[in-house]
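Reading through the structure tokens given below for one structure.
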Amino acid sequence: MTDKGDLIATDASAALIHVPPPTELAASELKVNVSLDAAALERAAASDGDGELFGQSRALDAIRLAIGIDAPGYNVFVSGLRSRPERESVLRILSEKAATMPTPGDWVYVNNFRNSESPVAIYLRPGQGVELRAKMTELVALVLDQLPKAFRREDFDQERAALRDKYNKRAQELFGNLETRARERGFAVQSAPTGQVIFIPLIDGKMPESPDALNKAMAAKTDAEREQLAKAQGELQDELGTLTLRQQEMMRELIDDIRAIERAFAARMITPSVEDLKHHFNNPAVDKYLDEVAEHMLGNLDRFREPPPAEQAQGQRPPGIEDGARWFDYQVNVMVDNSATRGAPVVLEDAPTYRNLFGTIERWIDPLGRSGTNFTRIIGGSFLKSHGGFLVFDLEDAVVEPGVWKTLKRSLKSGRMTLETFEPLPFFSMSGLKPEPIEIKNKVVTLGGAYLYNMLYFYDPDFAELFKVKAEMRPSVAADGAAAAHYAARVGALARKENLPPFDAGALAKIVEFGMRMAGDRSRVLAMLEPIDDLARESAYFARSEAAQRVTAAQVERALGERMLRLNFIEEEIRRLIAEGTLIVNIRGASVGQINGLAVLDVGGYSFGRPSRVTATVALGQAGVINIEREARMSGSTHDKGIMILSGFLRARFGQTHPIAMSASICFEQSYSGIDGDSASSTELYALMSALSGVPIRQDLAVTGSVDQYGTVQAIGGVNQKVEGFYRVCKAIGLTGTQGVMVPRTNVSNLMLDPETTGAIERGQFHIYPIDTIDRGIETLTGVRAGTIDQPGTINYLVDQRLKTMANILRDRPLGETRVVQEPAPNPPAPKPPAPLEPPR
């Protein structure tokens, strides 16, 4: 039994079974299914609109979940959110949550008086950081002003004078005792002009009148007397040495007592001020710090004395590094200032470098080339400033910055921020400071792409524990009236914000259709609306250039056309080469083993379809299907997979009763760059079946679609660009009215063609054939029934007979004796190709 319309010759072994003309898509089937009511669009454009991300409720709920759970690791990776305007919705959610949270306190670094290389971190209530800094400045100014005055007071001078009198009296008593003992031994004590004390022997109880008299008196004495005098003089010298040591001790005691008086006087002024500060801040860490400040001030009172009169006469010297560092001990380095913050902070870091995120420790270089630093040179980053709140940054920018990812992980795992200078070469590290780590409690919201998320998730074992929540933005959403209204509201709000001309309903409808085309599906629209904003701006530009009061559909189409003209130079050159015959693409007649395939080329911001001639040849052999692109190392893994699937289809359909004994070569002609993807696998299979059956296929049709091992034609990407690309080539060479494209039936909903191509389809100048199986596709291309392998006059029968013949030849002729000759046509011989089918009406 045959289907109605089949044409069978009386001799089935000599005739082909033809099929009716293929079914094509009507122009009405390419129309947009969404109801775009003009009045509804204009009302939506006049409304305030919805500021939340369009169609991203799942992602936004994931962010709300993460920021609502107060536990470690609930940081967020937002996938697919790139532009700054689109980030505003995320920032708005964070700001709303932050407004309900308590305001975190301030973090400051102060001097560690016991170890200056380890500054101390202090946590204060909001606003107290700058207050403590101001209070410490006032304290230093107070001491500088009042301490010299205190040392000039009469009671201080009286106590100091009394101490001097006391120690002078004790010194005089000691010296008087020495004089008495010296006289008892026959010596007088006399001070030399140099200040040296000498002992002079007495003559008859009196001082000698001159050195000569002393010499005569000593010469008159016996040796024993002179020896006794020398011994006594030595003992007196020893006593003088002991007296000198005692005087030095007394001098130190005097100095200590004077300092004690100075300390007591200074304490009467410093201690009350420090106690007032302690009472004001009521913070144990501040109390400890202020006690150390008071102790350090009282122990270094000389620093607060007035400069000598000579320096006063010379006037104030310009401050140098030493002068600027004179009082740094008592400064307060405010790292986080939340005095003006209400609720928790939300910090957006646009440049996530190491310094901007985690801070640094700066150094100075003096005129002599010496390097130095101190705790006042510590600078905090965004990670520290977001304490108690939220930090938002682009992780794709951050991970390529040296040291950022490692430090971020360490900080999130430990909950502590260690401020240090990033040193790519540790040998040259000169910081010398190790500040006390700061306890940080914040939520990190990072932005990035799906590729980065997958790479970190699978290759970094810490990532899943540190970023437990993924908020994935959907690229497209369902196209319905609500989506169209959202588009219109977005365009209307943009026009009011940027002072653009208003958009009429036709322009809004065209913009919605553009969103569907960008989504690649007539039932969906693009969810990320930055391209929509750009199209609206460009359309408004052309409306103004035409002095139009409103933006119409014509200006939207012009904006899209001008955008294409700015980028399609390469496409035009390829069309020119095809029209001139340099690149061979046949769009008329029929040929065996030759077909037009379609590929998409992306030239950066613009993609277009390009037809390519695909050829297949077969011969005796056992090599199977040879992919010439693969042999030339010009194909990708996905394309190689498509060739293997093609081989699987041949084995499943034709290799059940006999082996597939052939050598077939498939090639993309005039392809000089790499090729990848499996969208041409059905195209290659058609060419191979034509070469095996000897039945020519139409050259006025181009083909796209992948295939599985059972012969089902599967969806591919870039269907709009492929259809439009072949139409433009046909237009450049000359439209015949029979040209068209075969597309997978599952891609029909993705068709959103440009107005020119759609108009040609409406006029019957171009055709689109939806295909669901290889059999239906080969029938469309050849006009011959696909049939089965046991049904004479069908494509599958002819292919099976050809494969059987080649298998028998190889079986009868050993492989070593096989000669590569052109295989004769199977019996019966292939008839002439059928006349081109008339286009359906």
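Heads up: the sequence shown begins at 10 in the working numbering, then just goes up one per residue.
Every residue gets a Cβ at the ideal spot worked out from N, C-alpha and C, and that includes glycine.
Model, not experiment: these values are computed from the prediction.
Straight-line Cα distance separating residue j from residue i
{"i": "residue 758", "j": "residue 748", "result": "21 Å"}
{"i": "residue 69", "j": "residue 390", "result": "27 Å"}
{"i": "residue 26", "j": "residue 622", "result": "27 Å"}
{"i": "residue 646", "j": "residue 762", "result": "30 Å"}
{"i": "residue 90", "j": "residue 487", "result": "19 Å"}
{"i": "residue 374", "j": "residue 114", "result": "34 Å"}
{"i": "residue 745", "j": "residue 774", "result": "7 Å"}
{"i": "residue 679", "j": "residue 819", "result": "33 Å"}
{"i": "residue 127", "j": "residue 308", "result": "21 Å"}
{"i": "residue 801", "j": "residue 793", "result": "11 Å"}
{"i": "residue 88", "j": "residue 457", "result": "5 Å"}
{"i": "residue 571", "j": "residue 779", "result": "31 Å"}
{"i": "residue 449", "j": "residue 53", "result": "45 Å"}
{"i": "residue 651", "j": "residue 642", "result": "15 Å"}
{"i": "residue 33", "j": "residue 756", "result": "14 Å"}
{"i": "residue 362", "j": "residue 341", "result": "26 Å"}
{"i": "residue 669", "j": "residue 418", "result": "58 Å"}
Residue i (DSSP reduced to helix, strand or coil)
{"i": "residue 333", "result": "Only weak support exists for where residue 333 lies, its pLDDT of 45 falling under 50; the coordinates are left without a value."}
{"i": "residue 593", "result": "coil"}
{"i": "residue 633", "result": "strand"}
{"i": "residue 628", "result": "strand"}
{"i": "residue 604", "result": "strand"}
{"i": "residue 760", "result": "coil"}
{"i": "residue 78", "result": "coil"}
{"i": "residue 842", "result": "Any reading at residue 842 needs caution, since the residue's pLDDT is 44, under 50, leaving its predicted position unreliable; the model's value is listed next. Note: residue 842 maps to coil in three-state DSSP."}
{"i": "residue 588", "result": "helix"}
{"i": "residue 723", "result": "strand"}
{"i": "residue 86", "result": "strand"}
{"i": "residue 282", "result": "helix"}
{"i": "residue 749", "result": "strand"}
{"i": "residue 923", "result": "Because the chain in this structure spans residues 10 to 850, residue 923 falls outside the shown range and cannot be described."}
{"i": "residue 91", "result": "coil"}
{"i": "residue 408", "result": "coil"}
{"i": "residue 672", "result": "strand"}
{"i": "residue 715", "result": "strand"}
{"i": "residue 391", "result": "helix"}
{"i": "residue 682", "result": "coil"}
{"i": "residue 127", "result": "coil"}
{"i": "residue 328", "result": "Only weak support exists for where residue 328 lies, its pLDDT of 41 falling under 50; the value from the coordinates is given anyway. DSSP places residue 328 in coil when its eight states are reduced to three."}
Cβ pair residue i, residue j closer than 9 Å
{"i": "residue 102", "j": "residue 76", "result": "yes"}
{"i": "residue 424", "j": "residue 112", "result": "no"}
{"i": "residue 866", "j": "residue 576", "result": "In the structure as shown, the chain starts at 10 and stops at 850, and residue 866 therefore has no counterpart that could be examined."}
{"i": "residue 372", "j": "residue 380", "result": "yes"}
{"i": "residue 697", "j": "residue 675", "result": "yes"}
{"i": "residue 760", "j": "residue 692", "result": "no"}
{"i": "residue 95", "j": "residue 62", "result": "yes"}
{"i": "residue 129", "j": "residue 139", "result": "no"}
{"i": "residue 369", "j": "residue 427", "result": "no"}
{"i": "residue 688", "j": "residue 633", "result": "no"}
{"i": "residue 791", "j": "residue 662", "result": "no"}
{"i": "residue 49", "j": "residue 494", "result": "yes"}
{"i": "residue 392", "j": "residue 451", "result": "yes"}
{"i": "residue 695", "j": "residue 658", "result": "no"}
{"i": "residue 337", "j": "residue 383", "result": "yes"}
{"i": "residue 815", "j": "residue 629", "result": "yes"}
Counterpart residues of residue i in DSSP-defined beta bridges
{"i": "residue 486", "result": "534"}
{"i": "residue 381", "result": "373"}
{"i": "residue 115", "result": "133"}
{"i": "residue 611", "result": "616"}
{"i": "residue 358", "result": "402"}
{"i": "residue 340", "result": "Its beta-bridge partners do not exist; DSSP assigns none."}
{"i": "residue 425", "result": "448"}
{"i": "residue 677", "result": "623"}
{"i": "residue 6", "result": "Outside the shown range of the chain, which is 10 to 850, sits residue 6, and nothing can be said about it."}
Distance cut-off 8 Å: residue i Cβ against heavy atoms of the ligand NAD
{"i": "residue 772", "result": "With respect to the ligand NAD, the structure offers nothing, as it holds no ligand at all."}
Q) Which full runs of the beta strand (DSSP E) of 3+ residues lie inside the region 768-797, going along the chain? A) Counting only runs of 3 or more, we get 776-780.
Q. Going along the chain, which unbroken runs of the beta strand (DSSP E) with 3 or more residues stay wholly within the region 446-495?
A. With a minimum length of 3 residues, the continuous beta strand (DSSP E) runs that stay inside the region 446-495 are 452-457, 478-481, 485-487.
Q: Give, in chain order, every unbroken run of the alpha helix (DSSP H) that is at least 4 residues long and sits entirely within the region 496-548.
A: Runs of the alpha helix (DSSP H) inside the region 496-548: 514-528.
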